[in-house]
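For the sequence shown, this note's numbering gives the first residue as 46, with consecutive numbering after it. For glycine and all other residues, C-beta sits at the position ideal for the given N, C-alpha and C.
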Amino acid sequence: MEQTTSLGRGPAWSSRVPILIGVVVALAACKGTDGGTHDPPTPAPETVPRDVPEIDPAHLPRVVARLGVPPAAAPATGRTSPANVTVDIEVKEVEVEIADGVRYVMWTFGGTVPGPMIRIRRGDHVELRLKNHPDNTMPHNIDLHAVTGPGGGAASSFTAPGHQTRFSFEALNPGAYVYHCATAPVGMHVANGMYGLIVVEPDTGPGFPAVDHEYYVMQGDFYTRGAYREPGLQPFEMQRAIDEDPSYVLFNGRDGALVGDRALTARTGETVRIWFGVGGPNLTSSFHVIGEIFDRVWPEGGTNVNTDVQTTLVPAGGSTVVDFRVEVPGTYVLVDHSLLRAFNKGAVGHLRVTGDEQTTIYSGRELDEVYVGESAEAALTARGAADPNDPNSVRSARGGSTFIGVCSNCHQRDARGLANVFPPLASSDYLMADPTRSIRIVLEGLSGQITVNGQSFTGVMPGFSNLTDHEIADVLTYVRANFGNQGPAVTDAEVAAVRATLARPATGHP
Ligand code: HEC
Ligand SMILES: [Cu+2]
């Protein structure tokens, strides 16, 4: 459809949405009856208005940009006329935790990944100052996709450690734009966390309609020498980056940045907006919120509005803006729907919604019954029966959750397996014979012929090295003390010792 006709820089995006939909529906209807001869002519590119007035920055009011520190979005400018906006950003190279027990040196705009969210208005004159902290080791610069001019400011802002630079630009186009460092090797600077979003509010109408919560989330891929969650200080691994084989795919630069205490929050009945960008350097994102539908999306951070979207594709160096109303309380999971990135590389965040149940929209209890079922009773009973003063009892109970979530998918809820397919863990002579071997099986997987309780199996179990030492110790303690088995607890240290003997994944990385 030639949506460009209705999408000049006219009225506010919000008020234009229903009109646009009306036009599209009407045109579709025409097509159905007379073959679509009513399609409006596509305007020649030169008629797309570039009508930002000539401004003299000296006569504009001076304001200092209020930046958004992730996951908080920058506040709306609240302005109805252009200003001369100062944006100050300091580059800091900092050693941070990328996952529990895993350290990594991030190169950052402002000390965070992503860097601060900048928010201005179309027609603003922006004075951007980049400071490179004297303790830094590298020169850096900034390329803002919102800039019209060579390199988006990169060459003008090239800054050595212990220096600062300044350049100015006029924001000609509205939208949500990525900025990033563009110093060679560019891919490495971006892979080390040097990106953020700059939002240019439209200068006509009220801009982005007001919502109750605005969050700022960016996805990036990271390339450490060690595998996902392998502890210690992990150096950047260039070959992995060239192979586009990240060990981590993360929201806001850390495994679990938006999980648990750090989850995004809202109450039922409220509207939520996520300014979502992808820094890359390599991967695109199939951005999805499990259990929600985006009521409104600005695809690619541009001017068009789409409605009722499940998953929106965001390019590397691109963005999207999604709005949705939350109706039902519970935890909603933000993911890259390329799901192994989510569940095996970290691209998971939580939105925790509190408020009254809305059972006509969603009835959680019915689903609980269907999914948990009575065969899980043993596990649930074990969890409930944990003696809080007995550490073994507590850890065995926690292991019950991992058993249900991971192992029971194949070994079955009652741990009796499936004849000829999945061997039993219940009363398993094979499991109980050798605790160290069972740790290795969980970490590395198992294939080839084995005999369990006199029955022969020739299957393939994948490894679960993504589970932490703690989770593996707990689940083995649990299965070794339930389902007709009786054996001592497995400790974190035993798991760590076995993990240390594993060959590195065969990716060619030392
Ligand atoms: C995707 C299916 C799958 C999942 C999930 C799975 N396993 Fe297995 N497991 C298998 C298969 C298949 C075998 C047999 C492999 C063979 O024949 O060589 C096996 C074998 C085993 C064995 C050795 C044989 C036995 O019965 O004692 C143990 C121990 C074991 N798994 C433990 C676990 C634990 C603990 C988990 C959860 C962390 C788990 N498995 C998750 C498929 C799975
Ligand atoms: Cu840089």
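Among the options, nearest to residue i - alpha-carbon criterion
{"i": "Val350", "options": "Val359, Leu358, Asp340", "result": "Asp340"}
{"i": "Val317", "options": "Val235, Ile338, Thr329", "result": "Ile338"}
{"i": "Gln355", "options": "Arg174, Asp306, Val380", "result": "Val380"}
{"i": "Val158", "options": "Phe267, Leu175, Val535, Gly196", "result": "Phe267"}
{"i": "Asp145", "options": "Pro120, Asp300, His258", "result": "Asp300"}
{"i": "His225", "options": "Arg124, His190, Leu217", "result": "His190"}
{"i": "Ser330", "options": "Glu315, Thr348, Gly346, Val359", "result": "Val359"}
{"i": "Thr513", "options": "Ala442, Gly394, Leu488, Ser472", "result": "Leu488"}
{"i": "Ala392", "options": "Ala526, Tyr475, Val262", "result": "Val262"}
{"i": "His382", "options": "Arg307, Asp353, Val334", "result": "Val334"}
{"i": "Tyr273", "options": "Thr210, Glu99, Thr125, Arg148", "result": "Arg148"}
{"i": "Leu476", "options": "Glu138, Pro291, Gly529", "result": "Gly529"}
{"i": "Gln264", "options": "Glu138, Leu470, Val323", "result": "Val323"}
{"i": "Gly507", "options": "Arg485, Gly462, Val524", "result": "Note on residue identity: the sequence assigns Pro, not Gly, to residue 507. Selected option, being the one with the closest Cα: Arg485."}
{"i": "Thr122", "options": "Ile134, Pro116, Val108", "result": "Val108"}
{"i": "Thr131", "options": "Phe212, Arg124, Gly155", "result": "Phe212"}
{"i": "Arg397", "options": "Leu385, Tyr407, Pro374, Leu384", "result": "Pro374"}
{"i": "Thr404", "options": "Pro326, Leu384, Thr313, Gly346", "result": "Thr313"}
{"i": "Asp435", "options": "Ala534, Leu384, Thr348", "result": "Ala534"}
{"i": "Arg443", "options": "Arg458, Arg370, Phe369, Val524", "result": "Val524"}
{"i": "Tyr240", "options": "Ile406, Ile163, Arg124", "result": "Ile163"}
{"i": "Asn327", "options": "Thr365, Gly336, Leu309, Met283", "result": "Met283"}
{"i": "Val540", "options": "Ala526, Gln500, Arg482, Phe281", "result": "Arg482"}
{"i": "Asn389", "options": "Pro291, Ala526, Gly400, Gly155", "result": "Pro291"}
{"i": "Val366", "options": "Gln500, Ala205, Pro254, Asn181", "result": "Pro254"}
For residue i, the three-state DSSP class (helix, strand or coil)
{"i": "Asp459", "result": "coil"}
{"i": "Gln209", "result": "strand"}
{"i": "Gly196", "result": "helix"}
{"i": "Ile287", "result": "helix"}
{"i": "Arg299", "result": "coil"}
{"i": "Val304", "result": "coil"}
{"i": "Val520", "result": "helix"}
{"i": "Ser473", "result": "coil"}
{"i": "Asp435", "result": "coil"}
{"i": "Thr536", "result": "coil"}
{"i": "Gly277", "result": "strand"}
{"i": "Arg111", "result": "coil"}
{"i": "Ile486", "result": "helix"}
{"i": "Asp340", "result": "strand"}
{"i": "Glu414", "result": "Residue placement at Glu414 is flagged as unreliable, the pLDDT there being 34, under the threshold of 50; the coordinate-derived value follows with that caveat. In this structure, Glu414 counts as helix in the three-state DSSP scheme."}
{"i": "Leu52", "result": "Only weak support exists for where Leu52 lies, its pLDDT of 33 falling under 50; the value from the coordinates is given anyway. Note: Leu52 maps to coil in three-state DSSP."}
{"i": "Arg525", "result": "coil"}
{"i": "Gly445", "result": "helix"}
{"i": "Ser292", "result": "coil"}
{"i": "Val223", "result": "strand"}
{"i": "Gly232", "result": "helix"}
{"i": "Arg544", "result": "helix"}
{"i": "Glu142", "result": "strand"}
{"i": "Gly123", "result": "coil"}
Contact under 8 Å by Cβ, residue i with residue j
{"i": "Val114", "j": "Pro184", "result": "no"}
{"i": "Phe568", "j": "Val466", "result": "Only positions 46 to 555 of the chain appear in this structure, which leaves residue 568 out of reach."}
{"i": "Gly207", "j": "Asn177", "result": "yes"}
{"i": "Gly15", "j": "Thr503", "result": "Past the edges of the chain, shown from 46 to 555, lies residue 15, and the structure says nothing about it."}
{"i": "Met440", "j": "Ala518", "result": "It is Arg, not Met, that sits at residue 440 in the sequence shown. In this structure, Ala518 lies closer than 8 Å to Arg440 by Cβ."}
{"i": "Ala118", "j": "Tyr260", "result": "yes"}
{"i": "Ala221", "j": "Ala199", "result": "no"}
{"i": "Asp288", "j": "Arg167", "result": "no"}
{"i": "Trp152", "j": "His258", "result": "no"}
{"i": "Gly394", "j": "Leu521", "result": "no"}
{"i": "Ala229", "j": "Ile165", "result": "no"}
{"i": "Val245", "j": "Asn218", "result": "yes"}
{"i": "Gly583", "j": "Gly298", "result": "There is simply no residue 583 to check, as the chain begins at 46 and stops at 555 in what is shown."}
{"i": "Pro344", "j": "Thr352", "result": "no"}
{"i": "Phe214", "j": "Val150", "result": "no"}
{"i": "Pro468", "j": "Ile495", "result": "yes"}
{"i": "Gly156", "j": "Ile134", "result": "no"}
{"i": "Thr204", "j": "Leu173", "result": "no"}
{"i": "Ala286", "j": "Gly232", "result": "yes"}
{"i": "Arg458", "j": "Ala471", "result": "no"}
Chain B contact for residue i (CB, 8 Å cutoff)
{"i": "Val141", "result": "Looking at the structure shown, chain B is missing, and only one protein chain is on hand."}
Handout entry: Sequence-ordered residues whose beta carbon comes within less than 7 Å of a heavy atom of ligand 2
Key = Result (chain order): Val136, Trp152, Met183, His185, Asn186, Cys226, Thr228, His234, Met239.
> Taking the runs of the beta strand (DSSP E) that are 3 residues or longer, which of them lie wholly in the stretch 488-513?
Replying inline: Counting only runs of 3 or more, we get 491-497, 500-506.
Give, in chain order, every unbroken run of the beta strand (DSSP E) that is at least 3 residues long and sits entirely within the stretch 159-190.
Uninterrupted beta strand (DSSP E) stretches at least 3 residues long and entirely within the stretch 159-190 occur at 163-166, 170-177, given in chain order.
Only counting runs of 4 or more residues, tell me where the alpha helix (DSSP H) segments fall wholly within the stretch 349-403, in order along the chain.
Qualifying alpha helix (DSSP H) stretches, in chain order: 384-390.
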